[in-house]
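Asker:
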Amino acid sequence: MSPADPAATNTLGLATSPYLRQHADNPVHWQQWTPQALAAAAARDVPILLSIGYAACHWCHVMAHESFEDDEVAAAMNSGFVCVKVDREERPDLDAVYMNATVALTGHGGWPMTCFLTPDGRPFFCGTYYPKDGFLQLLSAVSATWQQRRGEVEQASDAIAGELRAMASGLPSGGPDIAPTLCDRAVAVVLDDQDAVHGGFGGAPKFPPSAMLEALLRHYERTGSAAALEAVARTGNAMARGGICDQLAGGFARYSVDNAWVVPHFEKMLYDNALLLRVYAHWARRTGDPLARRVAAQTARFLLDDLADGPMFTSSLDADADGREGSTYVWTPGQLIEALGPADGAWAATVFDVTAVGTFEHGASVLQLPADPDDPQRLERARGALLAARRARAQPGRDDKVVTSWNGLAITALAEAGVALDEPELARAARDCATAVLGLHLVDGRLRRASLGGAVGDSAAILEDHAMLATGLLALYQLDAHTDWLTAATDLLDTALRHFTDPEQPGRWFDTADDAERLVLRPADPLDGATPSGASSITEALLTAAHLVDGDRAERYLRAAGDALNAHSVLLERAPRSAGHWLAVAEAAVRGPLQIAVACEPSRSALLAEARRLAPGGAIVVGGERDSSELLAGRDRVAGADAAYVCRGRVCDLPVTTAEDLAGALGLPR
3 MSPADPAATN TLGLATSPYL RQHADNPVHW QQWTPQALAA AAARDVPILL SIGYAACHWC
63 HVMAHESFED DEVAAAMNSG FVCVKVDREE RPDLDAVYMN ATVALTGHGG WPMTCFLTPD
123 GRPFFCGTYY PKDGFLQLLS AVSATWQQRR GEVEQASDAI AGELRAMASG LPSGGPDIAP
183 TLCDRAVAVV LDDQDAVHGG FGGAPKFPPS AMLEALLRHY ERTGSAAALE AVARTGNAMA
243 RGGICDQLAG GFARYSVDNA WVVPHFEKML YDNALLLRVY AHWARRTGDP LARRVAAQTA
303 RFLLDDLADG PMFTSSLDAD ADGREGSTYV WTPGQLIEAL GPADGAWAAT VFDVTAVGTF
363 EHGASVLQLP ADPDDPQRLE RARGALLAAR RARAQPGRDD KVVTSWNGLA ITALAEAGVA
423 LDEPELARAA RDCATAVLGL HLVDGRLRRA SLGGAVGDSA AILEDHAMLA TGLLALYQLD
483 AHTDWLTAAT DLLDTALRHF TDPEQPGRWF DTADDAERLV LRPADPLDGA TPSGASSITE
543 ALLTAAHLVD GDRAERYLRA AGDALNAHSV LLERAPRSAG HWLAVAEAAV RGPLQIAVAC
603 EPSRSALLAE ARRLAPGGAI VVGGERDSSE LLAGRDRVAG ADAAYVCRGR VCDLPVTTAE
663 DLAGALGLPR
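Note that the sequence shown covers residues 3 to 672 in the numbering used here.
Structure representation (structure tokens):
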């Protein structure tokens, strides 16, 4: 290999991903995923060793320390492979393709993901984390197979690629009509699967079921189902009081390793916290629950204090600090006494359930809050002192990458939380974020996936980026009626309709654009996971936008949203737990969706404020003078009083002028 060969050096120092830059000093000759890297593998006639992870991943760091920083391992990797590092958050398309291959070959997935590919990108062997000795053995075996049994490698890679294409084409399509009965049945199935003791669904590990909780709140608002609201309250309380919630600084960890939400996997992700902020704010707005309100406020504060980088929001905080998972967050009784003194330390140990045995490693405990103490002022003083002591410890690293879709989730959540908590600061933060993302991530009319330090990356945005940012922009338009938000949102939706739809199956969506890099297959996953799918998210945005624009565009959006719901209704019928956001969108759709237009002077209207407070999740609310927006076309005050016009789909009630009459028109549960 010539020294002039770019694959003879580590090039990750040029990356716009903090995760990739963490590996820039490895002795491994890491490359980014580029045509040049694939061409280098073809020229050398060696496989590609693809390693996919992300900055907050604990086991990614472990494998890096054990293997990628080791000279012996690096020498084996460099001699036999072109080594490519990918940040799954920057290239979710690559992650989706090769995660499907990993699951198909091994029966499970996870990160770090380790895949061996032919130079044209076809996988022939995949796995996840390998300890050093096992990894060295694997490298030797794969090299020998490549050199001595090439025919078997080609046969295996062809078979795997064919299986991936078959899996993609075999996704279910079509099902029952989107109707209240379908939503009711889906909710019944979900409720039967809930953990009636600890909340949530299924067993350990438990991930925050954000999309499903939002769907259940919308179902409660439509039907008055006490069981749906109880499920939200049970899970919301359990998460808020458990170790998965940071009892000092706010914000939630990515998941709980146990079924009682006690011990988290400590990484804290922007997407989780944005989604949970939306849920807790909605729960607080609908019920007035003080815990929901407090947790929403604390989660918003976490976003603004810990994840903001200027007006935009960074991706995550690591699970590790100084090489030890969770070390920033856990406490022993002695450490509480050291920080607070004997009396307050002992009291705090009782309040936060910190024992000599501990709930984590080495006798330490993750702070929980099983019940609110009788002295809230004492609690706040203890929180402040413990947080100050915690800040003196080694802190987790932060992934400063700005991801378009996750910032879209944050914009939506902050806009809605600003209304629910009556905190204008949150709406201002949402506006500032949207302005910054549009200014940096829109390049020559096309959206990019991510940026770092004010430099936008080369990776094209995927479907979820267009959808989630558009939803956030539509939320802002409903707050202030500035047409720039609506124009930017509809531009994104028009781009999505041009480049991401499946021309052969109406209502189906690809996750990558038709002019994006061609991979082994074009990803198209409609299932909702830790975040809503791109398909369900674009459906939400289209359904909302259809009632904020006029003419042919409105019809086009409404038809596209209806096609998508009908194409994926089978998920609600057969796998509702994997379709939480689809259920939330369907709940909005079967109500029309609900639209509330208030003819008023927005800055002074008590009726508009009440409309925003009362509006069910997924409803569309606008306020302004006559003809100031599509929903206010031809609509004016009534006898000089502010008037609210309530519509369901294309059918509208007579206007009402009082909060009491508005509540009655909305038919909300009491």
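Just so you know, even glycine gets a beta-carbon here, dropped at the ideal spot from N, CA and C.
Consult DSSP for Ile54 and reduce its assignment to one of helix, strand or coil.
Answerer: Taking the sequence shown and counting its residues from 1, one reaches residue 54 at position 52. In the structure shown, Ile54 sits in a strand (DSSP, three-state: E or B).
Asker: With DSSP collapsed to three states, give me the class of Glu91.
Answerer: Sequence index remark: in the sequence shown, residue 91 carries index 89 (1-based). Three-state result, Glu91: coil.
Asker: Considering only their Cβ atoms, is the gap separating Ala396 from Ser461 smaller than 8 angstroms?
Answerer: One-based indexing of the sequence shown puts residue 461 at position 459. One-based indexing of the sequence shown puts residue 396 at position 394. In this structure, Ala396 does not lie closer than 8 angstroms to Ser461 by Cβ.
Asker: Here's the rule I'm using: 16 or more other beta-carbon atoms within 10 Å means buried, otherwise exposed. How should Ser81 be labelled?
Answerer: Against the sequence shown, residue 81 aligns to sequence position 79. It counts as exposed.
Asker: Pairing CB atoms from the segment 407-424 with CB atoms from the segment 269-281, are three or more of them under 8 angstroms?
Answerer: Verdict: yes, contact present.
Asker: How would you write the range of the alpha helix (DSSP H) that Cys185 sits in, first residue to last?
Answerer: To locate residue 185, count along the sequence shown from 1; it is residue 183. Element bounds for Cys185: 182-194.
Asker: Any chance you could list the alpha helix (DSSP H) runs of at least 4 consecutive residues sitting entirely within the segment 259-296, in chain order?
Answerer: You should have 272-289.
Asker: Less than 8 angstroms between the beta carbons of Ala163 and Val522, yes or no?
Answerer: Position 161 of the sequence shown holds residue 163. Position 520 of the sequence shown holds residue 522. Their beta carbons are under 8 angstroms apart, which means Ala163 touches Val522 by this criterion.
Asker: Does the distance from the C-beta atom of Asp260 to that of Ala206 stay below 8 angstroms?
Answerer: Counted from its first residue, the sequence shown places residue 260 at position 258. Counted from its first residue, the sequence shown places residue 206 at position 204. Yes, these two residues count as a Cβ contact at 8 angstroms.
Asker: Quick one: what's got a C-beta closer than 6 angstroms to Thr120's C-beta in the same chain, skipping five residues either side?
Answerer: Position 118 of the sequence shown, counted from the first residue, corresponds to residue 120. Within the same chain, Thr120 has close Cβ partners Ser159.
Asker: Given Phe548, which residues of its chain have a CB within under 7 angstroms of its CB, disregarding the five upstream and five downstream residues?
Answerer: Looking up residue 548 in the sequence shown gives position 546. Checking the sequence, you will find Ala at residue 548 rather than Phe. Here the set comprises Ala556, Tyr559, Leu560, Ala563.
Asker: Find the nearest neighbour of Asp320 within the set Phe268, Phe354, Gly153, judged by alpha-carbon distance.
Answerer: Here residue 320 corresponds to residue number 318 of the sequence shown, with the count starting at 1. Comparing Cα-Cα distances from Asp320 to each of Phe268, Phe354, Gly153, the minimum goes to Phe268.
Asker: CA-CA distance, Leu668 and Leu231?
Answerer: For the purposes of this step, residue 668 is taken as the residue at position 666 of the sequence shown. For the purposes of this step, residue 231 is taken as the residue at position 229 of the sequence shown. Near 18 angstroms, if we compare the C-alpha coordinates of Leu231 and Leu668.
Asker: Considering only residues of the same chain and omitting the five flanking positions on each side of His200, which have a CB-CB separation below 6 angstroms?
Answerer: The residue labelled residue 200 in the question sits at position 198 within the sequence shown. Cβ within range, chain order: Ala240, Asn261, Ala262.
Asker: Could you have a look at Arg450 and say whether DSSP puts it in helix, strand or coil?
Answerer: In the sequence shown, residue 450 corresponds to position 448, counting from 1. Arg450 falls in the strand class under three-state DSSP.
Asker: Measuring alpha carbon to alpha carbon, tell me which residue in Val332, Leu14, Gly666 is nearest Val264.
Answerer: The count along the sequence shown starts at 1 and reaches residue 264 at position 262. Minimum Cα distance to Val264 is reached at Val332.
Asker: Across the segment 577-591 and the segment 206-223, are there enough close Cβ pairs to call them in contact, namely three or more that are closer than 8 angstroms?
Answerer: Touching, yes, given that three or more Cβ pairs across the two stretches are closer than 8 angstroms.
Asker: Quick check: the segment 128-144 against the segment 92-107, are there 3 or more CB pairs under 8 angstroms?
Answerer: Yes, since at least three Cβ pairs between the segment 128-144 and the segment 92-107 fall closer than 8 angstroms, the two stretches touch.
Asker: Among the candidates Thr541, Leu545, Asp554, whose CA atom is the shortest distance from the CA of His570?
Answerer: Walking along the sequence shown from the start, residue 570 turns up at place 568. It is Thr541.
Asker: Can the beta-carbon of Ser631 be found closer than 8 angstroms to that of Leu529?
Answerer: One-based indexing of the sequence shown puts residue 631 at position 629. One-based indexing of the sequence shown puts residue 529 at position 527. In this structure, Leu529 does not lie closer than 8 angstroms to Ser631 by Cβ.
Asker: How many Å lie between Gly619 and Leu215 at the Cα?
Answerer: Position 617 of the sequence shown holds residue 619. Position 213 of the sequence shown holds residue 215. Between Gly619 and Leu215, the C-alpha separation is close to 11 angstroms.
Asker: Quick one: which unbroken alpha helix (DSSP H) runs of 4-plus residues sit fully inside the segment 465-547? Chain order, please.
Answerer: Counting only runs of 4 or more, we get 465-482, 485-501, 536-547.
Asker: Given 8 angstroms as the limit, is there contact between the segment 14-33 and the segment 85-98, that is, 3 or more CB pairs closer than that?
Answerer: Touching, yes.
Asker: Helix, strand or coil, according to DSSP, for Glu71 in the structure here?
Answerer: By 1-based counting over the sequence shown, the position of residue 71 is 69. Residue state, collapsed to three classes: coil.
Asker: Considering only the beta carbon of each residue, do Leu634 and Gly536 sit closer than 8 angstroms?
Answerer: Taking the sequence shown and counting its residues from 1, one reaches residue 634 at position 632. Taking the sequence shown and counting its residues from 1, one reaches residue 536 at position 534. No, the pair does not count as a contact, with Cβ atoms beyond the cut-off.
Asker: Please decide whether Gly201 counts as near chain E, where near means a Cβ-Cβ distance under 8 angstroms.
Answerer: Included in the structure is just one protein chain, with no chain E present.
Asker: Does the separation of the CB atoms of Pro313 and Glu575 fall below 8 angstroms?
Answerer: By 1-based counting over the sequence shown, the position of residue 313 is 311. By 1-based counting over the sequence shown, the position of residue 575 is 573. Not closer than 8 angstroms, so no.
Asker: Going by the CB atoms, is the gap between Ala526 and Asp516 shorter than 8 angstroms?
Answerer: Translated into positions along the sequence shown, residue 516 becomes position 514. Translated into positions along the sequence shown, residue 526 becomes position 524. Result no, Cβ atoms of Asp516 and Ala526 do not sit closer than 8 angstroms.
Asker: Where does Gly441 land, buried or exposed, given buried means 16+ other C-beta within 10 angstroms?
Answerer: Start at 1 with the first residue of the sequence shown, and residue 441 comes out as number 439. So Gly441 ends up on the exposed side.
Asker: Excluding the 5 residues preceding and the 5 following Ile54 in the sequence, name in chain order all residues of the same chain whose CB lies nearer than 6 angstroms to its CB.
Answerer: As a working mapping, residue 54 is identified with position 52 in the sequence shown. So the qualifying residues of the chain are Val88, Arg90, Asp97, Met115.
Asker: Going by DSSP, what residue range makes up the beta strand (DSSP E) through Cys649?
Answerer: Here residue 649 refers to the residue found at position 647 when the sequence shown is read from its first residue. Per DSSP, Cys649 belongs to the beta strand (DSSP E) from 645-650.
Asker: Since Val281 contacts Ser212 with CB under 8 angstroms, what's their CB separation in whole angstroms?
Answerer: For the purposes of this step, residue 281 is taken as the residue at position 279 of the sequence shown. For the purposes of this step, residue 212 is taken as the residue at position 210 of the sequence shown. Contact flag correct, Cβ pair sits at about 5 angstroms.
Asker: Following the continuous alpha helix (DSSP H) through Gly109, name the residue where it begins and the one where it ends.
Answerer: Counted from its first residue, the sequence shown places residue 109 at position 107. Element bounds for Gly109: n/a, residue is neither H nor E.
Asker: With 16 as the cutoff for other CB atoms within 10 Å, does Asp194 come out buried or exposed?
Answerer: By 1-based counting over the sequence shown, the position of residue 194 is 192. The residue in question, Asp194, is exposed, as its Cβ has fewer than 16 Cβ neighbours within 10 Å.
Asker: Apart from the five residues on each side of it in sequence, which residues of its chain come closer than 7 angstroms, Cβ to Cβ, to Ala242?
Answerer: As a position in the sequence shown, residue 242 is number 240, starting the count at 1. Hits under 7 angstroms: Leu293, Val297.
Asker: Which one or two residues does DSSP pair with Ser461 in a beta bridge?
Answerer: Numbered from 1 along the sequence shown, position 459 holds the residue referred to as residue 461. None; Ser461 has no bridge partner.
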